[in-house]
Each structure stands twice: as structure tokens, then as C-alpha cells.
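*Asks:* Residue numbers (my numbering): 0 to 421.
Here it is in C-alpha cells:
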């Protein structure tokens with residue numbers, strides 16, 4: 000294995016910031032829950048607007064409608080100051096209040112309270128510590144607490160996303176692998192190249208990124224340490240080296256390699272580079288994804304004539320076909336609970352994102368098409384992100400009720416949602 004260098008035609012950036020993604024809610028939940036996020040009290044000027052971040056997070060979920068500040072009859076910061084009748088008058092169901100203070104050892108402390116207006120009582124209240132440069136992350140954590148308390152589902156506001164951008168005319172195009180906050184803020188290029196970059200994949204601990212890069216038309220799989228910026232080459236074989244997917248324990252990567260003939264699924268040890276061949280077919284086997292328990296790998300294969308999703312049991316080596324609806328199915332990913340797969344389904348409406356329930360084998364279409372691709376689950380399994388025609392990213396909830404568009408200058412593709420940072 001080799002360290003990534005300028006010789007392979009890639010430039011590792013110094014985490015230079017780029018244009019942020021612009022997020023627009025296309026479809027929200029009818030009758031979204033009314034909530035008020037009161038401006039947080041602080042003892043000085045803060046580098047970010049805590050209140051606005053929390054409010055925007057909750058509204059972007061599509062489940063909440065935040066009260067405008069100019070309609071607030073009071074601006075309490077502590078539970079004992081809340082006059083619940085004021086908020087009932089404003090038709091608010093829940094109220095978020097709080098204050099930000101300087102911590103003794105540096106940084107900040109965000110103290111917040113979620114109040115149930117009609118029951119007249121506190122739902123939750125916590126102190127959230129934040130570093131000097133981590134107020135934005137702290138605000139996302141507050142929104143996550145509020146979201147979970149009111150929905151019963153873990154929030155994803157403090158997670159991150161990765162995606163590929165392509166800018167410039169053909170022949171002069173530049174590719175970048177971008178990492179950003181889940182709300183599109185603080186996008187930073189971790190890799191740049193004059194040749195295509197593909198298939199970004201987060202490690203389970205969120206500290207590393209695997210991806211495919213090209214050098215003079217030849218592909219290789221790299222692993223990038225996000226904190227240090229150091230990247231190393233994991234595998235470079237003749238032919239295809241593609242579609243890396245991390246095992247749940249972070250010790251192995253499944254990938255599609257073709258050096259022995261047709262593309263087959265291999266498991267590669269991250270530390271040693273040792274390989275183990277999983278499939279041996281006359282067909283094309285590619286796009287592996289691990290089940291959350293690490294016992295199975297689903298992959299795309301045309302062994303039945305058209306691309307479909309198959310599942311391999313790692314203990315028995317038994318393979319079964321999972322998909323039958325539509326002309327083809329590809330690019331699967333297991334849900335975090337292992338009970339469903341997200342995939343790209345091709346039918347008369349074009350390429351659309353579908354959710355396959357593994358128990359019932361029912362397929363539910365989530366996107367409108369006609370050229371949707373590269374779906375990725377949020378770590379709570381409630382939302383998926385995907386790329387669509389025109390170089391835009393989009394999100395949809397798995398119940399199909401909330402859809403959003405995420406746009407940036409240039410072509411944006413191959414999103415990958417990070418795991419939780421536990």
C-alpha cells in the first residue's frame with residue numbers, strides 16, 4: 000500500500016471552504032407542529048446565531064413550523080419566566096428557551112429547556128457544552144435533543160455529509176470530494192483531482208473516508224484520514240477498483256475488483272490489504288453493501304439478465320435474489336436497523352429511489368425521477384439523500400412525506416451521509 004502523492008494526480012486540500020449547499024423544502028408535512036424557538040440569552044456577542052441554527056434545523060425536518068420572532072409576546076430564557084398563556088394565544092404547542100454562557104475553562108455552555116405549552120410543564124432540559132469553535136455543533140445537538148423528545152426518533156442535525164462536485168468544461172473539469180455539515184454549512188474539499196472521483200464512503204467511526212480516484216484513466220481505492228489529511232492507497236489492481244463499502248467494525252472494506260476477469264466482490268483487510276474473493280460468477284457483480292450486523296452483503300449483479308440486488312450470507316456463502324420489481328434495481332444500501340434497503344429502481348417512469356422492506360418484499364418509491372441515483376441513508380434511517388438530474392442533491396423521508404432540494408454551483412453527485420459520532 001502506498002501513500003497518496005501528487006504523482007497520482009490528486010491534490011489534498013488544506014480543508015479550504017467552498018460554497019455552501021442551498022436547501023429548499025419542496026414538500027413538508029401538512030399541519031406541521033407549531034413551535035417557538037425564543038432568542039437565547041447570552042452574556043456577549045456570539046460568533047454564530049444559536050437560535051437561528053436550532054430553528055432552521057427543526058423547520059428543515061419538515062415536521063415543525065417555527066413562530067416568527069415578531070409574533071412573540073415575551074422572550075423568556077428560564078422556565079420560571081414562561082407565561083404559558085402567552086404562547087397558547089400564539090397557537091404554539093412547544094417552546095424552546097435557553098441561554099449561552101462562557102465556560103470557566105474556555106468555550107461555552109448552552110442551557111436549554113423544551114416546554115410543553117398546553118400541559119404547562121418542562122419536557123426536557125440540558126446543559127450542552129461547546130468548544131470555542133463548536134457553537135454551531137452545540138446548537139445542532141440542542142435541535143437533536145428537541146427533535147428526539149418530540150418525535151421519538153434520534154435527530155441527524157449534528158451529522159455530516161460527503162459528496163462529489165464537478166466544475167468546468169469537458170477537458171478542463173475539476174473534481175472535488177467535499178465534506179460538510181448536514182445542513183450544508185462549512186463545506187470543505189478534502190481531495191481535488193483533474194480526473195473523476197467516485198464512491199465516497201464513511202468509516203463507522205466517522206474518522207476516515209474511502210473513495211475511488213483515477214490516475215491516467217486507472218482507478219484505485221484510497222482511504223483518507225480526515226483529521227490528519229493523510230490518504231493512502233488501499234488497492235490498485237488492473238481493471239476495475241470500485242464501490243468501496245466499510246464493514247460495521249471498520250476493519251474491512253468490500254469492493255468490486257475485476258483483475259481476475261469479470262467484476263467480483265472482494266473483502267479487503269483495511270490494515271494489511273489482504274483480499275478474500277466472495278463471488279465467482281460469469282456476470283458482473285458490483286456495488287456491495289454490508290448489513291448492520293456484518294453477517295450479509297447485498298450487491299448488484301446482472302446474473303439474471305438485468306441488474307438486480309442479491310444478498311450473500313457470509314457464513315454459508317448462499318446467495319439469494321432480493322429484487323424483482325421494475326426493469327432493474329441497483330445501488331442498494333441497508334437501513335441502519337437492517338430491515339430495509341434503499342436502492343435505484345428503473346421502470347417506465349425512469350430511475351427513481353425505492354425502499355424495499357426485506358420482510359414483506361414490498362417496494363415503495365420515494366422520488367419522482369427520471370434520473371435519480373446514489374441513495375444514502377441518514378444514520379437514524381428516517382431520511383435518505385440522493386442525486387438527481389441536473390447535478391442536484393435531494394432528500395426525502397422514508398415515509399415520502401417530506402422532500403428537499405440541495406443545490407450548489409456545478410454538478411453535485413454521489414452523496415454519503417455520515418454515521419453518528421458516538
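Think of the CB as a built atom: it goes at the ideal place given N, C-alpha and C, for glycine as much as any other residue.
Hey, how far is the Cα of residue 280 from the Cα of residue 323?
*Replies:* Locating residue 280 in the chain shown gives position 281, where the first residue counts as 1. Locating residue 323 in the chain shown gives position 324, where the first residue counts as 1. Looking at the two C-alpha atoms, the distance is approximately 20 Å.
*Asks:* To the nearest angstrom, report how far apart residue 182 and residue 156 are at their CA atoms.
*Replies:* Counting from one through the chain shown, the residue named residue 182 turns up at place 183. Counting from one through the chain shown, the residue named residue 156 turns up at place 157. Computed Cα separation, rounded: 7 Å.
*Asks:* Could you pull out every residue in the same chain whose Cβ sits closer than 8 Å to the Cβ of residue 116, ignoring the five residues on either side in sequence?
*Replies:* Along the chain shown, read from residue 1 onward, the residue named residue 116 stands at position 117. 83, 86, 87, 91, 92, 93 and 94, listed in sequence order.
*Asks:* Just to confirm before moving on: does the CB-CB distance between residue 330 and residue 263 stay below 8 Å?
*Replies:* Here residue 330 is taken as the residue at index 331 of the chain shown, counted from 1. Here residue 263 is taken as the residue at index 264 of the chain shown, counted from 1. Taking 8 Å as the Cβ cut-off, residue 330 and residue 263 do not qualify as a contacting pair.
*Asks:* Is it buried or exposed for residue 411, if we count other Cβ within 10 angstroms and need 16 for buried?
*Replies:* One-based indexing of the chain shown puts residue 411 at position 412. Per the 10 Å Cβ criterion, buried.
*Asks:* Measure from the alpha carbon of residue 267 to the alpha carbon of each residue in 227, 221, 309 and 154, then state which is nearest.
*Replies:* What you label residue 267 is simply residue 268 of the chain shown in a count that begins at 1. It is 221 whose Cα lies nearest to the Cα of residue 267.
*Asks:* Compare the beta carbon distance of residue 208 and residue 233 with 8 Å and say whether it is the shorter of the two.
*Replies:* The count along the chain shown starts at 1 and reaches residue 208 at position 209. The count along the chain shown starts at 1 and reaches residue 233 at position 234. Against a cut-off of 8 Å, the Cβ pair of residue 233 and residue 208 comes out as no contact.
*Asks:* If you draw a straight line from the alpha carbon of residue 129 to that of residue 139, how long is it in whole angstroms?
*Replies:* By one-based count along the chain shown, residue 129 stands at place 130. By one-based count along the chain shown, residue 139 stands at place 140. Roughly 11 Å between the two C-alpha positions.
*Asks:* According to DSSP, is residue 288 helix, strand or coil?
*Replies:* By one-based count along the chain shown, residue 288 stands at place 289. Strand at residue 288.
*Asks:* Compute the distance between the beta-carbons of residue 240 and residue 211, then report whether it is under 8 Å.
*Replies:* Counted from its first residue, the chain shown places residue 240 at position 241. Counted from its first residue, the chain shown places residue 211 at position 212. Their beta carbons are under 8 Å apart, which means residue 240 touches residue 211 by this criterion.
*Asks:* Assign residue 328 to buried or exposed, taking buried as 16 or more other Cβ atoms, counted over all protein chains shown, within 10 Å of its Cβ.
*Replies:* One-based indexing of the chain shown puts residue 328 at position 329. Buried, by the Cβ-count rule.
*Asks:* Going by alpha carbons, who is nearest to residue 316 out of 191, 259, 359 and 277?
*Replies:* For the purposes of this step, residue 316 is identified with residue 317 of the chain shown, where counting begins at 1. When only C-alpha atoms are compared, the closest one is 277.
*Asks:* Taking C-beta to C-beta, are residue 422 and residue 174 nearer than 8 Å?
*Replies:* The structure shown does not extend to residue 422, since the chain is modelled only from 0 through 421, so no value can be given for it.
*Asks:* Once you ignore the five residues that flank residue 413 on each side, which residues in its own chain have a CB closer than 7 Å to its CB?
*Replies:* Taking the chain shown and counting its residues from 1, one reaches residue 413 at position 414. Answer for residue 413: 162, 163, 197, 198, 199, 373 and 386, listed in chain order.
*Asks:* Near residue 375, what residues of its chain come up, given a Cβ to Cβ distance below 6 Å and the 5 sequence neighbours on each side ignored?
*Replies:* Against the chain shown, residue 375 aligns to sequence position 376. Once the five neighbours on either side are set aside, the close Cβ partners of residue 375 are 384, 414, 415 and 416.
*Asks:* Please classify residue 30: is it buried, with 16 or more other beta-carbons within 10 angstroms of its beta-carbon, or exposed?
*Replies:* By one-based count along the chain shown, residue 30 stands at place 31. The residue is exposed, with fewer than 16 neighbouring Cβ atoms inside 10 Å.
*Asks:* Just to confirm the assignment, what range does the beta strand (DSSP E) spanning residue 410 have?
*Replies:* By 1-based counting over the chain shown, the position of residue 410 is 411. Run containing residue 410: 410 to 416, per the beta strand (DSSP E) assignment.
*Asks:* Out of curiosity, what's the CA-to-CA distance linking residue 295 and residue 159?
*Replies:* Counting from one through the chain shown, the residue named residue 295 turns up at place 296. Counting from one through the chain shown, the residue named residue 159 turns up at place 160. Cα-Cα distance, rounded: 26 Å.
*Asks:* If distances are taken between C-alpha atoms only, which option among 202, 217, 260 and 301 comes closest to residue 450?
*Replies:* Residue 450 lies beyond the stretch modelled for the chain, which goes from 0 to 421, so this question has no answer here.
*Asks:* Grab me the residues of residue 235's own chain with a C-beta within less than 6 Å of its C-beta, minus the 5 sequence neighbours each way, in chain order.
*Replies:* Numbered from 1 along the chain shown, position 236 holds the residue referred to as residue 235. Once the five neighbours on either side are set aside, the close Cβ partners of residue 235 are 219.
*Asks:* How is the alpha helix (DSSP H) around residue 84 delimited, first residue to last?
*Replies:* For the purposes of this step, residue 84 is taken as the residue at position 85 of the chain shown. Looking at the DSSP string, the run of the alpha helix (DSSP H) that includes residue 84 is 83 to 88.
*Asks:* Quick one: measure Cβ to Cβ for residue 257 and residue 272, integer angstroms, because I've assumed they're closer than 8 Å.
*Replies:* Along the chain shown, read from residue 1 onward, the residue named residue 257 stands at position 258. Along the chain shown, read from residue 1 onward, the residue named residue 272 stands at position 273. Incorrect: roughly 17 Å between the Cβ atoms, too far for contact.
*Asks:* Among the candidates 75, 349 and 333, whose CA atom is the shortest distance from the CA of residue 325?
*Replies:* Locating residue 325 in the chain shown gives position 326, where the first residue counts as 1. Here the closest residue by C-alpha is 349.
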